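Letter 25 of the sequence shown, counting from 1, is numbered 19 in our numbering, and no numbers are missing. The beta-carbon is built from N, C-alpha and C at its ideal position, and this holds for glycine as well. What you are looking at is a predicted structure, and each value in this text was computed from that prediction instead of being measured. Worksheet for the structure shown next.
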Amino acid sequence: MSTYEPSHRKSVLLVEDDDVVRFLTVEILEEFGYRVQALGDAVSALELLRSGEPCDLLMSDVGLPGLGGRELVVAARELRPTLPVLFASGYSEQGLLDDVRQKHPLAPTDSIVKPFDLDLLARRLSDLAGA
């Protein structure tokens, strides 16, 4: 039984190229009560967003091969302008966060540094998804 508040089965699109990190993050998100669609690249994520598949929040690694996390969010927000985004990175991404927030001031955007503090991750997701 989870010690975290239920998310009312909100859906998260997770984009992470590292298989182990993706698997572990899916486990954590599901433990928090989210429905998770996990993909390894930005192109696949954009295809899913174009399909009209429900998505309450996008959680993306910043350093994706090919189309990176920043580019993914720019393209995703063309499709879904108010889609909440949580960037995940091994580094502080304050500059990226400030830039994205400036370009999309009405769309919730935040970041978290890997490895995740689980309580902080739960709070950030809940705040962004409106759970």
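Going by beta carbon distance, what residues of the same chain come within less than 6 Å of residue i, once the five residues before and after it are set aside?
i      : result
Thr103 : Val79, Val94 and Arg95
Gly84  : Lys108
Give the C-beta separation of residue i and residue j to the nearest angstrom, bearing in mind that I take them to be a contact with Cβ-Cβ under 8 Å.
i      : j      : result
Leu33  : Leu66  : About 10 Å separates the two Cβ atoms, so there is no contact after all.
Leu7   : Thr19  : Contact flag wrong, Cβ pair sits at about 12 Å.
Lys108 : Leu51  : 17 Å between Cβ atoms; not a contact.
Ile106 : Leu115 : 6 Å
Gly60  : Val37  : 7 Å
Check the DSSP bridge columns for residue i and list the partner residues they point to.
i      : result
Val107 : Ser83
Val30  : Val6
Leu51  : Val6
Taking the beta carbon of residue i as the centre, do at least 16 other beta carbons fall within 10 Å, making it buried, or is it exposed?
i      : result
Gly124 : exposed
Asp121 : exposed
Glu10  : buried
Gly89  : exposed
Asp92  : exposed
State the start and end residues of the unbroken beta strand (DSSP E) segment that holds residue i.
i      : result
Glu56  : Looking at the sequence shown, residue 56 is not Glu but Val. Val56 -> no beta strand (DSSP E), and no H or E assigned at all.
Ala101 : That residue, Ala101, is in no beta strand (DSSP E); it is neither H nor E in DSSP.
Keeping to the same chain, check which residues put their C-beta closer than 7 Å to that of residue i; ignore five residues upstream and five downstream.
i      : result
Leu100 : Thr76
Lys97  : none
Does the beta carbon of residue i fall short of 6 Å from some heavy atom of the ligand GDP?
i    : result
Leu8 : For the structure depicted, the ligand GDP is absent and the ligand set is empty, with no information on it obtainable.
Taking the continuous alpha helix (DSSP H) assigned at residue i, which residues delimit it?
i      : result
Leu66  : Gly63 to Leu73
Ser5   : Element bounds for Ser5: not the alpha helix (DSSP H) but the beta strand (DSSP E), Ser5 to Val9.
Ser120 : Leu112 to Ala123
Gly89  : Gln88 to Lys97
Leu23  : Asp13 to Glu25
Leu43  : Ala36 to Arg44
Looking only at its own chain, which residues have a Cβ that is under 8 Å from the Cβ of residue i, when we skip the five neighbours before and after it?
i     : result
Asp12 : Asp55
Cys49 : Ser5, Val6, Leu7, Gln31, Leu42, Leu43, Arg74 and Leu77
Glu24 : Val30
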